[in-house]
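For the sequence shown, the numbering used here gives the first residue as 144, with consecutive numbering after it.
Ideal Cβ placement from N, Cα and C applies to all residues, glycine included.
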Amino acid sequence: MSGTEPLPDLLAALHRHGRVALFGPAGSGKTAVAHGVAAAAARGGALVMRSSPCAEDPAIVHSGLAELLASLAPPSLAMVTGDRREVLSALVRRGPAPARGTDPLAVRLALAELLDALAARDGVLVVLDGVQWLDPDSRDALRGALRAVRSPGLRLLTTERRATASVAGHELCQESWPVPMPALTPDALVDLVTGLGLPHRWTGQVLAHSGGNPALAVELTRALLAGGRAALPPEPLSPSPGARELIRLWLNEISDPVRRCLVLAALCRDPTVTVLNRVRPGLAAEELATAEAARLLRVRHEEIRFTAAAIPLVLAADAGPDARARAHARLADAVDDPVAAVWHQAHAHQEPDRALARRLRAAAEESRTRGAHAFAAELGLLAARRLPPGEHAELVACLLAAAIDAGAAGRSDLAREAAHRVLPLAHRPADRVRVRLALLDAACQRLRGTEEVLAKAREEAGDDPELLAEVHLRTAIKAHIADGDTRRAAEEAGLAAALATGRGPARTLELALLMRARMQRGLGDPAAERTLARALECAPAVSARFLAARHAFFDDRLDAAREELLALLQHPVAHSGATTQLAEVLRCLVELEARAGHCRAAIEHARRLAGVLSEAGAAPGLSWYAMAVAESAGGEFARAARLARLGAAAAEEEGDVVFLPRSLLVLGTVELATGEAARAVAALERVRVLETAQQIADPSVLRWHGELAEALVGSGDPAAAATLVERTRHQALALDRPGVLAALDRAEALVRIARRDLDGAAGLLTGAGERFAGLGLPIEHGRTLLALGRLERSRRRGPAARSAVRAALTAFQQRGARPWAALAAAELDRLGTPAAVRPAVRGLTAAEAELAALVAEGLGNREAATRLFLSVKTVEGRLTRIYRKVGVRSRAQLVAALRRSPGGRIRPVDGEVT
């Protein structure tokens, strides 16, 4: 099973093996898949017999068999002769019970005769959904009948609530092919929970806590919607009663000793095999292996990660307070990190303890030094709880530091807890202002509706220039992110910088200057570079270096930008738990590598970003946008468009005017590439409206202008395209933006083609291609060559068209720009020059067909992985599925099968198995 297409894979397994045992934990979707298989079989003309036993059925004799027979029309039993028909009729109460009782052998023989006759006539699919609850008499009758049936038209599908293996299904039929039920894919989960009404911002939390289990995801979603929490910003989830019951069903598969080991892992700050071995020497390794087989956790090298974040919450809650305290005490002695040891000590001892509180404050300081602000906030709050009564000054200091740390970490829940406790106690205006600013910082992108907090902070700041500088800085951030008012953001940042100059922390001045430089760049103000240089002089900290890399990216100085961003990736901030900073660096690397044509690197950075945000339980909008960028360069256009739509929807929910136009730009670019010019115009016009409202004047910041102009030509409005090109060209020339000018040349060429100035268009395309190549933008270079090839084809200049398109194809293939290479290959086909002749077999997905073609060429797994920009493990898994579908067991047999296939062609069929 691939995890992305369970129904097609299951149908293929049934076709191949005849008997399939599907197994998986409670709530994993086995019944839904069984329904899908039954419906597909019925559509294909097969007769479906179905039984769905429940927990009470084992005590009811022949209940499962009676349900199977009752699903048949009465005339079907007439296919069984004489006494045997009477035996089966009695089971479904359509005839009298035998006077001497039911003979098990007679039931078995009658059932075998019936199944044989039905399978020979129509083909039969027997579905036993919940085979673990099949009553013993039905199981014995079916087991004997299945051995006796000779017709190849009989298929059997059993489902079983069991995570590790199919036991009851295998006992019923030893020939059954075991198939584990895969977790729901992230895409499918998003569709599921947003279809129930869950806002996109919560999907990351639900995915992390459910581990892809659909029933658990639905239960968590319904609890959020019912309680009204779904309308609020995401915070750590607490499983609902229904979710807890579902997880307890999973935990029932493990023994008490394994559960005790898992309780330790659930309570450990950073669980590792080494730590658990110290607490449970000689036991932990085997217990962890058992838990991993039960799909409760994953062990990778030393790290232990639960498959669903709700599992450790249920384990810890069910353990009880005394057991938790004992476990924390043992873990405090076992962990290597002294900061984690103090955290465990605090959970082991609940009573006030001044010495422990001070150790917690010291641990918070150390955690803050490491950049782990969320952990520092937790430690600070713990310190406040462990302080004895009467320690007013120290309590305020603990809570204030915790609020500030929570703000730096973007943890609204921790910031609110600290603020709720400290505001009634804090009498100094400076403390109250800093708590309110921490609440704003913790909100991250969700700054709509924070006007009251800002107003109170401004009022309490009085005429203190240091505090006012901080307030103006947050006002600038809100003006940019929530209000889309770039000019006001620049003005507020300027005020903050003026107030911070010569007083207060240098960090405030640096951040104010950086904010002003960012806004000036967007406004097309040449002073942006001077402002940035001044910020770098203050302190070349991470934020200043990051903005310098962004400016280099805007200027197409990609090597310089990459060098700085990769250096920041190695900075302690990337390993400290500071999610926001790491996410920003990774997002920019995705954009940079996609523009540079390093498609594999872009995808790897996007995957890492998704993992970082998922681990933090953050909203997934940013990862959707980044994956859309990466997919649009080196993946699949359809997936890029889907991710871009999700990213846009998430940004719109949050009122995020920064990433909404970015997601829409990816969507518009993909729709333009795939020939949906009208849709591209709709998306890109929204980008224009948003950017205009934000007063963005520098066309290098978000390069939508050329894309929109091309889409306008494609939709039949070359006059509007020409106007846009002319207006943008004036700005790009004034600011010296060569990459933008090249894109405008390509767009103008399309305008000229529409106006039949073909020679002028060819000249513009040639020049634009050369400029893109000189800037090191290979995908844009390839797109321009492709446009030139299409122009030459329209002029009936076959050799010139083929030469340009081949050059485009080569440029795309060398960079792993798969969707663009597919466009070039299709263009070569139109020119009568196929890009490649691929051997294959009907029924493979597009991805499988591509791998099969490489195998046919003689590539090994590692070579194929390199060519496809995949991991070797992914190639091995995909190859296994190909073997199963083609019906072979080795690479040599696969190659032989490919060579025998009609026409020597691979025919992927829309991702479905046929």
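| Item | Value |
| --- | --- |
| Look at the Cβ atom of leucine 165, then the Cβ atom of glycine 354, and state whether they are nearer than 9 Å. | no |
| Which class does tryptophan 345 belong to by DSSP, given the choice of helix, strand or coil? | helix |
| Is the beta carbon of leucine 590 sitting closer than 9 Å to the one on isoleucine 620? | yes |
| Contact defined as beta carbons within less than 8 Å: I believe glycine 849 pairs with alanine 886. What is the distance between those atoms, to the nearest angstrom? | 3 Å |
| Quick one: residues in its chain with C-beta nearer than 7 Å to the C-beta of glycine 720, no 5 flanking neighbours on either side, listed in chain order? | Confidence at glycine 720 is low in this model, with a pLDDT of 49, below 50, so the placement of that residue is unreliable and no value is reported for it. |
| If distances are taken between C-alpha atoms only, which option among Ser195, Val191, Ala472 and Ala198 comes closest to alanine 216? | Val191 |
| Buried or exposed: which applies to proline 151, given that a residue is buried once 16 or more other Cβ atoms fall within 10 Å of its Cβ? | buried |
| Going by CA-CA distance only, name the one from Arg227, Ala386 and Ala436 that's closest to threonine 307. | Ala436 |
| Within 10 angstroms of the Cβ of lysine 1016, are there 16 or more other Cβ atoms? Answer buried if so, exposed if not. | exposed |
| Which residue comes first and which comes last in the beta strand (DSSP E) that contains threonine 302? | 297-304 |
| Just to confirm before moving on: does the CB-CB distance between leucine 729 and histidine 714 stay below 9 Å? | no |
| Note down, one range per segment and in chain order, each alpha helix (DSSP H) of at least 4 residues found wholly within the stretch 178-241. | 206-213 and 225-234 |
| Distance check for alanine 249 and leucine 257, CA to CA, integer angstroms please. | 12 Å |
| Report the start-end ranges of each alpha helix (DSSP H) in the stretch 720-748 that is 4 residues or longer and not cut off at the edges. | 722-739 |
| Assuming alanine 852 and alanine 890 are in contact, meaning their beta carbons sit under 8 Å apart, how far apart are those beta carbons, in whole angstroms? | 4 Å |
| Are the beta-carbon atoms belonging to alanine 793 and proline 763 less than 9 Å from one another? | yes |
| Threshold first: 4 residues or longer. Then list the alpha helix (DSSP H) segments lying entirely within the stretch 763-818, N to C. | 764-777, 780-797 and 802-816 |
| Give the list of continuous alpha helix (DSSP H) stretches no shorter than 4 residues that lie fully inside the stretch 311-383. | 311-315, 329-338, 346-353 and 357-370 |
| Out of Gly266, Asp799 and Val322, which has the shortest C-alpha to C-alpha gap to arginine 1027? | Val322 |
| Give a yes or no on whether the C-beta atoms belonging to alanine 625 and aspartate 799 are separated by under 9 Å. | yes |
| To the nearest angstrom, how far is it from the Cα of aspartate 1113 to the Cα of alanine 253? | Past the edges of the chain, shown from 144 to 1057, lies residue 1113, and the structure says nothing about it. |
| Quick one: using the 10 Å Cβ neighbour count with 16 as the cut-off for buried, is glycine 914 buried or exposed? | Note that residue 914 corresponds to arginine in the displayed sequence, not to glycine. Under this definition arginine 914 is a buried residue. |
| Can you tell which of Pro384, Gln837, Ala783 and Leu735 has the C-alpha that lies nearest to the C-alpha of phenylalanine 697? | Leu735 |
| Should threonine 337 and cysteine 316 be called a contact, given that it needs their Cβ atoms to be closer than 9 Å? | no |
| Which class does glycine 167 belong to by DSSP, given the choice of helix, strand or coil? | strand |
| Pop quiz: alanine 897 and valine 856 are said to be a contact at Cβ under 8 Å. What is the actual Cβ separation, rounded to whole angstroms? | 5 Å |
| Distance check for aspartate 479 and cysteine 411, CA to CA, integer angstroms please. | 12 Å |
| Under three-state DSSP, which class holds threonine 866? | helix |
| Given a cut-off of 9 Å on the beta-carbon distance, is the pair arginine 319 and serine 194 in contact? | A small correction: the amino acid at residue 319 is serine; arginine does not occupy that position in the sequence shown. No. Outside cutoff. |
| Can you tell which of Ala358, Glu594, Pro325 and Arg365 has its C-alpha closest to the C-alpha of proline 342? | Arg365 |
| In angstroms, rounded to a whole number, what distance separates the CA positions of aspartate 879 and proline 669? | 11 Å |
| To test your reading of the DSSP string, which unbroken alpha helix (DSSP H) runs of 4 or more residues are found completely within the stretch 543-578? | 555-565 |
| Quick check on the DSSP output: the alpha helix (DSSP H) that includes arginine 880 runs from which residue to which? | First-last for arginine 880: undefined, no H or E at that position. |
| If I'm right that methionine 222 touches leucine 285 with Cβ under 8 Å, what's the distance once you round it to whole angstroms? | Actually they do not touch by this definition, with Cβ atoms about 18 Å apart. |
| Return the first residue and the last residue of the alpha helix (DSSP H) that isoleucine 447 is part of. | Segment 446-449 is the beta strand (DSSP E) holding isoleucine 447; no alpha helix (DSSP H) there. |
| Is threonine 415 helix, strand or coil when you go by DSSP? | strand |
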